[in-house]
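Novice: Before I ask anything, here is the structure I am working with.
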Amino acid sequence: MYHSKRVLQCIIAFSLIAFAERAEAYCVGPLDYASFWSNEFADLRVPVWVSISPIYPVSNTGESPEDVARILLEVIARHNESTRAPKLYFAGFTNESYNPALVPFGVGAHSALPAGITVHGLSCADLVPVCKGDAALACASFGIRGTGPASVFDDPVGFVLLDCAENTPWALDAYPDMAQVLFHELGHALALQHSDRTKAECEAGNNIHGGPVGGTVAVMHTVPPASFVAYRSWRRDDVEGLEYIYGAAAPNYEISWWDDLTYPNYPNEASGSSLRDMGVSRTAVVSNRLTSGTQSIATTATDGRVLNLVLDEFGTESPANIADRVVDPGPEGLAWSLPAVAMSEDDGQERVFVAWMAGEQQDSVMLTLRTAVRGSNSLVWQYSNYSEQVATNRLAAGYDQATDSFVVTTLDRVTTEIQILYFDGDGVSSGEVIPLVG
Ligand SMILES: [Zn+2]
Numbered sequence: 210m211y212h213s214k215r216v217l218q219c220i221i222a223f224s225l226i227a228f229a230e231r232a233e234a235y236c237v238g239p240l241d242y243a244s245f246w247s248n249e250f251a252d253l254r255v256p257v258w259v260s261i262s263p264i265y266p267v268s269n270t271g272e273s274p275e276d277v278a279r280i281l282l283e284v285i286a287r288h289n290e291s292t293r294a295p296k297l298y299f300a301g302f303t304n305e306s307y308n309p310a311l312v313p314f315g316v317g318a319h320s321a322l323p324a325g326i327t328v329h330g331l332s333c334a335d336l337v338p339v340c341k342g343d344a345a346l347a348c349a350s351f352g353i354r355g356t357g358p359a360s361v362f363d364d365p366v367g368f369v370l371l372d373c374a375e376n377t378p379w380a381l382d383a384y385p386d387m388a389q390v391l392f393h394e395l396g397h398a399l400a401l402q403h404s405d406r407t408k409a410e411c412e413a414g415n416n417i418h419g420g421p422v423g424g425t426v427a428v429m430h431t432v433p434p435a436s437f438v439a440y441r442s443w444r445r446d447d448v449e450g451l452e453y454i455y456g457a458a459a460p461n462y463e464i465s466w467w468d469d470l471t472y473p474n475y476p477n478e479a480s481g482s483s484l485r486d487m488g489v490s491r492t493a494v495v496s497n498r499l500t501s502g503t504q505s506i507a508t509t510a511t512d513g514r515v516l517n518l519v520l521d522e523f524g525t526e527s528p529a530n531i532a533d534r535v536v537d538p539g540p541e542g543l544a545w546s547l548p549a550v551a552m553s554e555d556d557g558q559e560r561v562f563v564a565w566m567a568g569e570q571q572d573s574v575m576l577t578l579r580t581a582v583r584g585s586n587s588l589v590w591q592y593s594n595y596s597e598q599v600a601t602n603r604l605a606a607g608y609d610q611a612t613d614s615f616v617v618t619t620l621d622r623v624t625t626e627i628q629i630l631y632f633d634g635d636g637v638s639s640g641e642v643i644p645l646v647g
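Written out as structure tokens, the structure reads:
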């Protein structure tokens with residue numbers, strides 16, 4: 210992906226939108242969690258802390274607090290890019306500890322913990338009572354921090370408890386992968402239950418079941434899959450579960466941009482311009498065309514449909530008609546993860562290339578990498594599906610002037626190695642997959 214001279218970011222427009230009902234599988238807790246979290250965090254931006262407490266420091270995992278924070282930052286970024294609410298942010302380190310002697314919903318049970326979610330590392334001696342005796346790698350829950358009566362959810366706190374290093378050899382390039390497990394546990398802290406529960410199993414716990422019963426490939430599946438790379442970001446069922454719980458309370462987001470005159474300092478937000486009336490469900494991905502201020506943007510609409518527009522250096526949006534920014538109006542034009550975008554550098558006849566993971570199914574981890582190409586002055590797209598299915602819903606795109614090719618990177622589902630794919634000017638794959646070995 211090319212670097213941008215401009216900064217684009219989502220801003221909040223404070224209006225509610227309805228999400229179309231879709232039949233995805235999830236099991237979620239029975240309470241009004243949007244109200245639960247927004248009692249303390251009115252804008253549903255929830256802080257996440259890393260414990261360096263004497264009792265349950267994350268260093269019990271065998272990783273340093275700095276490395277756990279580094280992984281957590283990446284997990285939070287991936288959560289935020291595909292989830293409308295709640296948004297998470299890394300709040301820092303805390304010396305305060307979870308107290309396993311107290312029940313989660315007891316009054317004052319966790320009064321020492323900072324508001325928000327705290328990630329802890331368990332000592333081996335405490336693993337069994339805290340994680341209820343099962344052979345879990347980790348566990349997570351939420352409760353009341355303790356300033357109000359137990360019947361009022363006005364002081365929410367969440368906790369994630371990672372297993373000790375002696376029991377679980379945490380890794381970043383093999384199972385058990387800490388990033389994937391952190392994702393799963395943050396899901397529990399936000400009231401997602403295991404997505405592969407049958408309707409009867411789910412409802413037996415007084416939880417709410419959605420979608421068809423049967424196979425699910427979600428991060429919230431009970432058994433962490435060996436191909437963990439595909440589960441380092443939310444999958445379709447996870448996104449739908451979060452949308453069910455928090456969607457009605459989520460802000461409506463639009464893309465905003467600035468002339469980045471103060472780089473590397475943070476830009477002046479007051480000078481931002483919003484791409485008006487284009488509601489989005491995800492972050493913007495940006496590609497510029499070298500030697501000009503023209504940029505191409507990809508994101509998804511509130512219903513998950515992939516959108517694209519070109520923004521010139523004066524802020525002129527093309528196409529002007531928002532309906533014309535839909536890349537693919539068909540069933541393969543929906544994405545549950547971030548699309549990617551690139552522009553060629555042919556002066557005056559630039560081509561715009563958009564790639565996304567289409568066809569996410571409930572019973573398979575495999576996805577279709579779909580591409581679309583148009584001239585920057587044309588509304589006619591040329592579509593192509595990459596011949597091999599891929600498992601990881603992560604991709605980025607760029608343009609290689611030397612070969613006049615569009616380039617897509619994604620990740621091998623088993624080895625985690627980066628794969629490079631080449632596409633011609635019509636968006637058709639060269640068939641070659643180049644792994645970055647090691
Ligand atoms: Zn779980």
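Our numbering numbers the first residue of the sequence shown as 210 and each following residue consecutively.
Glycine included, C-beta positions come from ideal geometry on N, C-alpha and C.
1) For C348, verify whether its CB is less than 8 angstroms away from any heavy atom of ligand 1.
2) Buried or exposed, going by whether 16 or more other CB atoms sit within 10 Å of the CB of C348?
3) Using the three-state DSSP reduction, which class does M552 fall into: helix, strand or coil?
4) Which runs of the beta strand (DSSP E), 3 residues or longer, sit entirely within the segment 576-602?
5) Go through its chain and collect everything with a Cβ distance to T625's Cβ below 7 angstroms, but skip five positions before and after it.
6) How do the segment 235-251 and the segment 447-454 stand: do at least 3 beta-carbon pairs fall below 8 angstroms, yes or no?
7) Note down, one range per segment and in chain order, each beta strand (DSSP E) of at least 3 residues found wholly within the segment 523-553.
8) W443 bridges to which residues according to DSSP?
9) Would you say M429 touches ligand 1, meaning its beta carbon is less than 8 angstroms from a heavy atom?
10) Under the assumption that S262 contacts S306 (Cβ atoms under 8 angstroms), give the Cβ distance between them as a whole number of angstroms.
11) Using 8 angstroms as the threshold, is the segment 594-608 in touch with the segment 559-567, meaning 3 or more CB pairs across them?
12) Short of 6 angstroms in beta carbon distance, which residues of its chain neighbour G315, apart from the five on each side in sequence? Order them along the chain.
13) With burial defined as no fewer than 16 other Cβ atoms inside 10 Å of the residue's Cβ, what is the status of Y440: buried or exposed?
14) Taking the straight line between their C-alpha atoms, what separation do you get for L281 and L391?
15) Just to check, is the beta-carbon of H418 closer than 8 angstroms to a non-hydrogen atom of ligand 1?
16) Classify Q570 as buried or exposed, calling it buried when 16 or more other Cβ atoms lie within 10 Å of its own Cβ.
17) Evaluate S188 with the Cβ neighbour count: other Cβ atoms within 10 Å of its Cβ, from every protein chain shown; 16 or more gives buried, anything less gives exposed.
18) Taking the C-alpha atoms as reference points, what is the distance between T471 and S480?
19) Roughly how many angstroms separate the alpha carbons of A413 and L395, rounded to a whole number?
20) Per DSSP, which residues does G330 bridge with? Please list them.
21) For the beta strand (DSSP E) holding M566, just list the boundary residues, first then last.
22) Suppose you measure from the CA of F351 to the CA of S291; what does that come to, to the nearest Å?
23) Beta-carbon within less than 7 angstroms of R498's beta-carbon, same chain only, minus the 5 sequence neighbours each way: which residues are those?
24) Report yes if the C-beta of H393 is less than 8 angstroms from at least one heavy atom of ligand 1; otherwise report no.
Specialist: According to the structure data:
1) Yes; taking the cut-off as 8 angstroms, the Cβ of C348 has a heavy atom of ligand 1 nearer than that.
2) In summary, C348 is buried, with 16 or more beta-carbon neighbours lying within 10 Å of its beta-carbon over all protein chains present.
3) The answer is strand: DSSP assigns M552 an E or B state.
4) Correct list: 577-584 and 591-594.
5) A distance below 7 angstroms between beta-carbons, with the five flanking residues on each side excluded, links T625 to the following residues of its chain, in chain order: D382 and V438.
6) The segment 447-454 and the segment 235-251 touch, with three or more beta-carbon pairs separated by less than 8 angstroms.
7) As far as the segment 523-553 is concerned, its whole beta strand (DSSP E) runs of at least 3 residues are 549-552.
8) Answer is none; W443 lacks a bridge partner.
9) Correct: M429 has its Cβ closer than 8 angstroms to ligand 1.
10) About 4 angstroms separates the two Cβ atoms, so the contact holds.
11) Yes, since at least three Cβ pairs between the segment 594-608 and the segment 559-567 fall closer than 8 angstroms, the two stretches touch.
12) Only weak support is given to the placement of G315: the predicted model assigns it a pLDDT of 46, under 50, and the value that follows is read from those uncertain coordinates. Excluding sequence neighbours, G315 sits near nothing in its chain.
13) Around the C-beta of Y440, 16 or more other C-beta atoms lie within 10 Å, and the residue is accordingly described as buried.
14) Distance between the alpha carbons of L281 and L391 is about 7 angstroms.
15) Checking every heavy atom of ligand 1 against the Cβ of H418, none is found closer than 8 angstroms.
16) It counts as exposed.
17) Because the chain here runs from 210 to 647, residue 188 falls outside it and cannot be looked at.
18) S480 has its alpha-carbon roughly 12 angstroms from the corresponding atom of T471.
19) Answer to the nearest angstrom: the Cα atoms are 23 angstroms apart.
20) Beta-bridge partners of G330 (DSSP): L371.
21) From DSSP, the beta strand (DSSP E) with M566 extends over R560 to A567.
22) Going by the C-alpha atoms only, they are around 22 angstroms apart.
23) Excluding residues within five positions, the ones whose Cβ falls inside 7 angstroms are M552, E554 and E559.
24) A distance criterion of 8 angstroms places the beta-carbon of H393 in contact range of ligand 1, judged by its closest non-hydrogen atom.
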